[in-house]
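A.B. asks:
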Amino acid sequence: MAYISLSRVEANEGDSALIPSDGIMTAKSSGATNLVVKYDNVSQTINSSDAIASACLTYTFTINEVGETLTRDDIVNAIVAAASVAGGGNGPAIPVDLKGNSITGLTISMGAL
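According to this note's numbering, the sequence shown is numbered sequentially starting from 23.
1. Just to check my reading of the structure: residue 130 and residue 118 have Cβ atoms closer than 8 Å, yes? What is that Cβ distance to the nearest angstrom?
2. Could you check which residue in 77, 29, 57 has the C-alpha nearest to that of residue 95?
3. Could you name the residues that DSSP lists as bridge partners for residue 64?
4. Could you check if residue 74 is buried or exposed, using at least 16 other CB atoms within 10 Å of its CB as the buried criterion?
5. Cβ atoms of residue 28 and residue 125: under 8 Å apart, would you say?
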């Protein structure tokens with residue numbers, strides 16, 4: 023499995039956050055300080071009303087602004103570029119170029135599709 027890495031500045035955590043490049047379904051950002059990556063592994067649950075709810079593995083990042091100013095396109099394109107290079111191969115994790123910025127928060131959850 024191939025991985026991409028994001029520079030990380032967060033108390034009690036390593037210098038990088040590694041996430042799998044395999045199965046990335048979408049990457050989006052609503053501003054210069056956030057990133058949401060969703061994967062293609064979907065789970066479904068049935069609630070008490072027999073309604074089916076689908077969810078997928080979701081990584082939500084907070085990005086600090088200490089380097090160059092980022093746009094939503096910069097953030098998403100950096101993820102796409104790193105994932106494209108990583109492909110499905112083995113080897114070292116491919117760094118995501120956040121132009122001198124680092125992530126300061128990461129939440130992993132099952133999010134809505």
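Every residue gets a Cβ at the ideal spot worked out from N, C-alpha and C, and that includes glycine.
C.D. replies: In terms of the structure at hand:
1. With 8 Å as the limit, residue 130 and residue 118 do not qualify as a contact, their Cβ atoms being about 17 Å apart.
2. Selected option, being the one with the closest Cα: 57.
3. 78
4. exposed
5. yes
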